[in-house]
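Read the structure below first, then the notes.
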Amino acid sequence: MFFFYKKKYSIDSNGVVTRKSHSNIALIKYWGKHKNKIQIPLNSSISYSLGEVYTVTRLIYQKKKKRNLSVRVFFSGKEKTSFLPKILEFFNRISYYCSYLRDYNFIIETYNTFPHSSGIASSASSMSALALCIMEIEKKLVSSLKEDFFFKKASFLARLGSGSACRSIYPGLVVWGYHQSIKGSNNFYATPYPYKVHSIFTKIEDTILIIDDEPKKILSSKGHQLMHHHPYARERFKCANKNMNKLISILKIGDFQEFGELIEHEALTLHAMIMTSSPYFLWMKPNTLKVIHTVWDFRKQSKKNIYFTLDAGANVHLLYPVQEKTSILKWIYSDLFSYCKKIIESFCL
Ligand code: PMV
-9 MFFFYKKKYS IDSNGVVTRK SHSNIALIKY WGKHKNKIQI PLNSSISYSL GEVYTVTRLI
51 YQKKKKRNLS VRVFFSGKEK TSFLPKILEF FNRISYYCSY LRDYNFIIET YNTFPHSSGI
111 ASSASSMSAL ALCIMEIEKK LVSSLKEDFF FKKASFLARL GSGSACRSIY PGLVVWGYHQ
171 SIKGSNNFYA TPYPYKVHSI FTKIEDTILI IDDEPKKILS SKGHQLMHHH PYARERFKCA
231 NKNMNKLISI LKIGDFQEFG ELIEHEALTL HAMIMTSSPY FLWMKPNTLK VIHTVWDFRK
291 QSKKNIYFTL DAGANVHLLY PVQEKTSILK WIYSDLFSYC KKIIESFCL
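For the sequence shown, this note's numbering assigns the number -9 to the initial residue and increments by one for each residue that follows.
Written out as structure tokens, the structure is:
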């Protein structure tokens, strides 16, 4: 793979790099990965990167003599040894492609603008922010490193930390996983959606209703594994593939109703997969269902373009065109606020 970095290099002995990366919400969901390969998805997915919900990471590096992996992590100002196993596993995996990682002591200082492990993809924004920081270091080693390579490799590295993180490298609509109808799509790194998109899909609000801010009980890594023996897995992958084709034409034509129905179907399919896996789980909370039904009733009666999607958790993302922001936001605060712990007024980048 052309992402190897194994040359001899020279670099300042100490330094610091900082990057910010946004969370993302998938429209076509990634759920299930190949058994004996590292983070290779079983269907292609597409997401919007999100404004207002992001991770900022500062990576401090200090040259050392002994070649090994050495990392300390500080989250919101406090040292977090509980994050270390995942970070060390990530560094270990990617050190194959970034051999220089073994030559430094690293200190990671990071914070999110939203609760971590709450169903808002904190691993996506945090792993992509870290991957971008690592690429900033690589850029210091290779002065000729091109921008295109910088982002491709950042996405490739982020994927090895958390699958959906590879999509957070870019703003806008981002695709990950090979799909026959999407030029440049591949399983190794994400790519910006390459086709024309109707203007209605270039300015979309995403109001996130935090219904549960406790850390997730079921990690997505465990959930992906459950797809290996899932009775409906094969049909799910076929369906995701078809839904991607449908979405391509919807994005071109600009039909918001079809878009909304497709993303709601995808969200409920993701939850149906976890509900019918063995062992089975339920991410939704009573208030998730109350929100969904209230949105459906409101849509029927007001004819407004407001649709939901869900991530691996209880929280609800409400997507609607920016033109309808004032009236819809007013309605959200009056009719949905009582079901939520918090409302995050985000938007699709
Ligand atoms: O990136 P992971 O391994 O945490 O998987 C997350 C998958 C979903 O967020 C549920 C869907 C998606 O495509 O983002």
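Every residue gets a Cβ at the ideal spot worked out from N, C-alpha and C, and that includes glycine. All figures in this text were calculated on a predicted structure; none of them were measured in a lab.
Below 8 angstroms on the Cβ atoms is my contact criterion, and I expect residue i with residue j to pass it. Report the Cβ-Cβ distance as a whole number of Å.
i, j, result
"A121", "L147", "4 angstroms"
"E256", "T316", "At roughly 28 angstroms, the Cβ-Cβ gap does not stay under 8 angstroms, so E256 and T316 are not in contact."
"P184", "K173", "5 angstroms"
"C156", "S145", "4 angstroms"
"S116", "T47", "7 angstroms"
"Y51", "F96", "6 angstroms"
"L78", "L49", "Incorrect: roughly 15 angstroms between the Cβ atoms, too far for contact."
"W21", "M263", "6 angstroms"
"L308", "I322", "7 angstroms"
Out of the options, state which residue places its alpha-carbon closest to the alpha-carbon of residue i.
i, options, result
"C338", "R9, S13 and V6", "S13"
"C88", "S211, M125, S268 and V61", "M125"
"D301", "S35, N102, I30 and V312", "S35"
"N176", "K55, R57, Q215 and N33", "N33"
"L163", "S11, E248 and S37", "S37"
"F191", "F249, T197, I159 and S210", "F249"
"I243", "I84, Y222 and H188", "H188"
"D196", "R62, N4, I334 and Y20", "I334"
"S324", "S336, P311, Q313 and V281", "V281"
"L212", "P221, G167 and S267", "A small correction: the amino acid at residue 212 is Lys; Leu does not occupy that position in the sequence shown. Taking only the C-alpha atoms, the option nearest K212 is S267."
"D93", "K54, Y310 and N4", "K54"
"P161", "G41, N4 and Q313", "G41"
"S292", "K236, I318 and W166", "I318"
"W286", "A304, H261, Q247 and P311", "Q247"
"F104", "K236, S85, S66 and L216", "S66"
"V306", "Y297, V312 and P75", "Y297"
"A351", "L258, Q215, S210 and P75", "Residue 351 is absent from the structure shown; the chain starts at -9 and stops at 339."
"S239", "K186, V132 and N295", "K186"
Measuring only from the beta carbon, is residue i closer than 7 angstroms to any heavy atom that is part of the ligand PMV?
i, result
"G41", "no"
"K25", "no"
"S85", "no"
"K76", "no"
"L216", "no"
"L372", "Not covered by the structure: residue 372. The range shown for the chain is -9 to 339."
"Y168", "no"
"Y20", "yes"
"S113", "yes"
"L319", "no"
"L301", "Note that residue 301 is Asp in the sequence shown, not Leu. D301 Cβ: within cutoff of the ligand PMV."
"S145", "no"
"S152", "yes"
"A119", "no"
"R211", "As written in the sequence, residue 211 is Ser, which differs from the Arg given in the question. Yes; taking the cut-off as 7 angstroms, the Cβ of S211 has a heavy atom of the ligand PMV nearer than that."
"S3", "no"
"S35", "yes"
"A304", "no"
"A16", "yes"
"L272", "no"
"L260", "yes"
Might you give, ordered along the chain, the residues of its own chain that have their beta carbon closer than 6 angstroms to the beta carbon of residue i, omitting 5 neighbours on each side?
i, result
"S113", "S152"
"F64", "E99"
"L135", "K129"
"Y329", "N277, K280 and V281"
"K10", "Y44 and V46"
"F73", "V63"
"S3", "K53"
"V312", "K193 and E195"
"L241", "V187 and F191"
"C123", "V7, R9, T47 and L49"
Looking only at its own chain, which residues have a Cβ that is under 8 angstroms from the Cβ of residue i, when we skip the five neighbours before and after it?
i, result
"N233", "I18, L252, H255 and E256"
"L25", "Per the sequence presented here, residue 25 reads as Lys, with Leu not at that position. Contacts found: H218."
"F80", "M117, L120, L150 and G151"
"A16", "S35, I36, S37, S154, R157, E256, T299 and D301"
"P221", "T266"
"K331", "I200, I201, D202 and D203"
"E69", "R62 and V63"
"R226", "W21, G22, N33, M217, H220, T259 and M263"
Within a Cβ cutoff of 7 angstroms, which residues of the same chain sit near residue i, ignoring the five residues on either side of it in sequence?
i, result
"I208", "F271"
"Y179", "K142, S145, F146, R149 and C156"
"L326", "L199, V281 and T284"
"I30", "K23, H24 and N177"
"H261", "W273, M274 and L300"
Just checking: is the beta-carbon of residue i within a distance shorter than 8 angstroms of some beta-carbon in chain B?
i, result
"P311", "Note that chain B does not occur in the displayed structure, where there is just one protein chain."
Taking 7 angstroms as the cut-off, is the beta-carbon of residue i closer than that to any non-hydrogen atom of the ligand HEM?
i, result
"A155", "No copy of the ligand HEM appears in this structure; the ligands present are the ligand PMV."
Taking only runs of the alpha helix (DSSP H) that begin and end inside the region 208 to 286, which ones reach a length of at least 4 residues, in chain order?
210 to 216, 223 to 243 and 246 to 265
Ignoring anything shorter than 3 residues or poking outside the region 132 to 192, list the beta strand (DSSP E) runs there in chain order.
163 to 166
Whole beta strand (DSSP E) elements within the region 20 to 57, 3-residue minimum:
35 to 53
Taking the runs of the alpha helix (DSSP H) that are 4 residues or longer, which of them lie wholly in the region 281 to 339?
315 to 325
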